[in-house]
Every structure is written in structure tokens, then in C-alpha cells.
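*Asks:*
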Amino acid sequence: MKKKSVETKSRKIKRVIKYLRFTGETPTDKKFLKKTINTPGILKATERSPMYGFEKIRNFLLDNFMSRLKWETIDNHITEKKTFKDRLVKILTIRQALGAGKGMTVSQYRGLSKNIEVPEEAYMHIDGATVWKELTTYAREKWGVQKIGFTEIPRDIILKGNHILYKYALVFIEEMRKDWMDDAPHALAGYETMRAYNHLGKAVLDISSWLRKKGVRCQPNHPLGGLVSYVPLAGKAGLGWQGMNGLLITPEFGQRQRIAPIYIEHPIFSYTDKDPTEFSWIERYCEICKRWLEECPGDAIQDTKKIYNNQIETIGRLARCLDPIKCHPVFSKFDGCSICVKICPFSRGNGIYQIIKKKMKN
Ligand code: SF4
Ligand code: SF4
0 MKKKSVETKS RKIKRVIKYL RFTGETPTDK KFLKKTINTP GILKATERSP
50 MYGFEKIRNF LLDNFMSRLK WETIDNHITE KKTFKDRLVK ILTIRQALGA
100 GKGMTVSQYR GLSKNIEVPE EAYMHIDGAT VWKELTTYAR EKWGVQKIGF
150 TEIPRDIILK GNHILYKYAL VFIEEMRKDW MDDAPHALAG YETMRAYNHL
200 GKAVLDISSW LRKKGVRCQP NHPLGGLVSY VPLAGKAGLG WQGMNGLLIT
250 PEFGQRQRIA PIYIEHPIFS YTDKDPTEFS WIERYCEICK RWLEECPGDA
300 IQDTKKIYNN QIETIGRLAR CLDPIKCHPV FSKFDGCSIC VKICPFSRGN
350 GIYQIIKKKM KN
């Protein structure tokens with residue numbers, strides 16, 4: 000009896016290896032990722048990996064929590080009663096949120112098994128510089144994605160309990176409109192947040208199909224519900240630096256953006272990693288700024304960044320700044336809140352990043 004179960008297990012592993020070599024039968028897309036979990040060569044989360052924020056929230060949400068929030072601080076941002084336009088925008092937001100939810104739970108797995116149709120040696124014939132040029136043009140012209148990075152993924156930033164198929168990442172960034180984010184915590188900012196999640200999710204799905212046609216095996220990951228911690232990933236790809244609220248700060252958009260990666264099998268593009276000193280002055284600026292102390296209604300941002308892992312290869316450390324358990328009730332009640340995104344000086348754009356950088360470097 001025991002022998003039978005061992006044989007069954009080994010047969011299962013062989014079948015998965017077959018899938019991974021893309022020579023076997025076509026598995027259904029939804030099951031594809033699950034089936035790869037015990038396969039050698041797969042990139043798995045480690046003991047030191049961070050936990051997915053929602054898990055903490057689910058374990059915590061206490062009914063009486065809302066009464067402990069600093070509601071008076073949110074009043075400073077609420078300038079008028081809900082109008083007909085607000086209600087209309089809310090309906091459109093729900094539509095975007097449903098689209099994003101579908102993208103996160105179903106669509107991103109669609110096409111995953113299509114990697115089987117990409118020949119094993121196809122990547123060897125790719126001219127990385129030419130495809131990179133075409134890729135940036137395609138992403139910008141078709142999807143409005145303005146920033147792309149490419150890097151190797153440190154295993155310690157794969158979220159606990161997860162695994163991904165490939166070890167290199169293209170990191171895509173989509174801007175959220177400033178005039179709409181300035182409406183935070185009103186309906187337009189909530190709409191823009193959900194629109195960006197939904198739109199960027201569709202973009203990485205479509206760009207993955209495009210990449211496969213070029214001979215690149217890949218796995219897209221939706222901006223909602225990532226398998227990897229996106230802010231350190233974008234930092235590793237040289238795109239920006241983590242702000243005090245945990246979000247990414249980029250020179251172009253400050254905190255007004257969403258991030259989504261596509262994992263690929265081979266390092267066919269040049270890495271966009273930058274020397275950390277390019278951005279590390281932002282830490283010192285945040286220490287001076289601390290605007291969230293007064294403004295965050297959830298009291299969700301910690302006074303100093305708490306380092307919880309400082310041994311990550313090529314990144315060095317992971318810091319926790321935002322308490323999602325405190326942020327979440329405000330985020331849900333006020334259209335995605337986003338006050339911290341709006342008040343961050345970097346989010347103003349118009350060259351403010353370079354002005355602050357110059358001051359901090361002198
Ligand atoms: S989104 Fe969360 S962290 Fe940001 S201001 Fe609102 S409650 Fe605070
Ligand atoms: S608001 Fe100030 S403290 Fe917060 S991330 Fe922006 S610069 Fe840093």
C-alpha cells in the first residue's frame with residue numbers, strides 16, 4: 000500500500016516536470032500554477048518572505064475598530080456632501096473593481112499553459128535590445144505604460160506560501176492621474192485607483208501574449224494580489240524607492256502609480272538596476288517630512304520604518320512602514336482613501352522630485 004502511494008507521487012512529479020519542460024500534454028490554465036509547486040527549479044518563497052497583507056487583515060478585523068480611528072483628520076479632506084456625480088462615479092468604480100477582481104482571480108492564469116507552445120530554444124534567437132525597444136513602444140502606445148524595468152527576483156520577496164515560474168521580472172508602472180488623485184478621499188480618486196488596477200492587469204496579460212509570440216515564456220502577475228512584494232521588486236529594478244506609507248516613490252509620478260510584473264524565463268534584456276545611492280536620500284527626506292503624522296486618519300503609518308529582514312541578496316533589507324490592519328477600514332470606507340498618496344510632495348510631479356533631490360544632496 001505504502002509502495003503504491005510513493006509510486007503515485009513520483010508519477011505526479013514526473014508529469015509536472017514534463018509540463019515545465021513544455022513537452023507534455025496541455026494542462027488547463029487554472030491548474031497549471033498549482034501543479035508546478037513541487038518542481039525543481041521553481042522559485043519558491045522562503046522562511047524570510049513577507050506575508051500577504053490581506054491575510055493579516057482577515058485575521059484581525061474587529062467590529063469595534065472603527066471607533067478608534069481619527070475621524071476628525073479625514074474631515075479636513077472632505078469638503079462637500081456626496082453629489083449625484085459622486086454616486087455615478089461610485090458605480091463606475093464598482094465596475095472597475097469587478098474587472099480588477101476578475102483579472103486577479105481568473106484572467107491572469109489564462110494563457111499560462113500557452114508557454115508550452117513556445118519552443119524551448121526560442122529565446123536563444125531573440126535580439127534583446129530590439130525586442131526591448133519594441134516592447135517599450137508597444138506598452139506605451141497600446142496601454143499607456145510609461146515606465147518599465149527589468150531585474151532578477153530575490154527569492155526572499157516572494158510572498159509567503161507562493162511560488163512563481165520564472166526568475167526574472169519585467170516591472171511595469173502605470174501612472175494614476177494627478178487631478179483625480181487630488182480628489183482623495185472622494186470618489187474620483189477611488190475610481191482612478193481601481194481603473195489603474197484593472198487597466199494595468201489587462202495590460203500585463205496582453206503584453207504576455209505579445210511576448211510569447213516573440214518567443215519569450217512568461218507569467219503575468221496582476222497588480223492586485225501579487226505573488227511577489229512589488230515595491231521592493233520595483234526598487235530592485237531601479238524604478239524608485241519605498242516611501243513612509245510603504246508605497247513606491249518614482250521620480251516621474253511620486254506615489255501616483257500601480258505596479259505589475261511579468262516573470263520571464265531567461266535574462267534576455269539588460270538589467271535596469273541602479274546604485275541604491277541614487278534614491279537612498281529619500282529616506283532622509285521622509286524623516287524631515289512626516290506629513291502623514293497629522294494627515295493619516297487611520298494612524299496607520301509607523302513613526303520609523305521597522306526593518307524586518309536585512310539579509311536580502313542584492314536589496315539588503317525589507318522595511319515595514321504601514322499597518323494594513325489600521326489602513327484597511329479607512330481604505331474601504333472612503334473610496335480607497337489615498338490621502339497619503341495625495342499629500343506626498345513627490346506626487347505633485349512637474350520636476351518636484353529633482354528640486355527636492357538637489358536640496359537633499361547639497
Ligand atoms: S490610505 Fe491608509 S495609510 Fe494612506 S492615509 Fe488613508 S488610512 Fe492612512
Ligand atoms: S509624504 Fe513625506 S514622509 Fe510620506 S512618503 Fe512622501 S515624502 Fe515621505
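The opening residue of the sequence shown carries number 0 in numbering that gives the first Met the number 0; numbering runs sequentially from there.
Cβ atoms here follow ideal geometry from the backbone N, Cα and C, with glycine treated the same way.
Run through DSSP, which three-state label would L246 get?
*Replies:* coil
*Asks:* Buried or exposed: which applies to A44, given that a residue is buried once 16 or more other Cβ atoms fall within 10 Å of its Cβ?
*Replies:* Buried.
*Asks:* In angstroms, rounded to a whole number, what distance separates the CA positions of Y108 and L32?
*Replies:* 8 Å
*Asks:* Can you check the segment 273–358 for any beta strand (DSSP E) of at least 3 residues that lies completely inside it and give the ranges in chain order?
*Replies:* 300–311, 315–321
*Asks:* With a CB to CB cut of under 6 Å and the five nearest residues on each side skipped, what residues in its chain are close to F278?
*Replies:* W240
*Asks:* Is it buried or exposed for I400, if we count other Cβ within 10 angstroms and need 16 for buried?
*Replies:* Nothing can be reported for residue 400: it is not among the residues displayed for the chain, which extend from 0 to 361.
*Asks:* For the beta strand (DSSP E) containing Y262, name the first residue and the last one.
*Replies:* 256–263
*Asks:* Find out if the Cβ-Cβ distance for the pair V203, F252 is shorter than 7 Å.
*Replies:* no
*Asks:* Quick one: what's Y167 bridged to in DSSP?
*Replies:* Beta-bridge annotation (DSSP): Y167 is paired with E151, I263.
*Asks:* Mapping the DSSP letters down to three states, classify L232 as helix, strand or coil.
*Replies:* helix
*Asks:* Which residues, in chain order, sit with a beta-carbon under 6 Å away from any heavy atom of ligand 1?
*Replies:* N244, C295, P296, G297, A299, I300, L321, C326, V329, F330, C336, S337, I338, C339
*Asks:* Taking 7 Å as the limit between beta carbons, can you name the residues of its chain near K213, skipping five residues before and five after?
*Replies:* Correct list, in chain order: I125, V130.
*Asks:* Assuming I263 and L111 are in contact, meaning their beta carbons sit under 8 Å apart, how far apart are those beta carbons, in whole angstroms?
*Replies:* That pair is no contact at about 13 Å.
*Asks:* Straight-line CA distance for L164 to E293?
*Replies:* 43 Å
*Asks:* Can A299 and M193 be called in contact, C-beta distance under 7 Å?
*Replies:* No; because the gap between Cβ atoms is not below 7 Å, this pair is not in contact.
*Asks:* In its own chain, which residues sit with a C-beta less than 6 Å from the C-beta of K332, not counting the 5 before and 5 after it?
*Replies:* If we look at K332 and ignore the five residues flanking it on each side, it has no Cβ neighbours.
*Asks:* Quick check: G234 and G148, are their CB atoms within less than 7 Å of each other?
*Replies:* For G234 and G148, no; Cβs fall outside 7 Å.
*Asks:* Is the CB-CB distance between H162 and I36 below 7 Å?
*Replies:* yes
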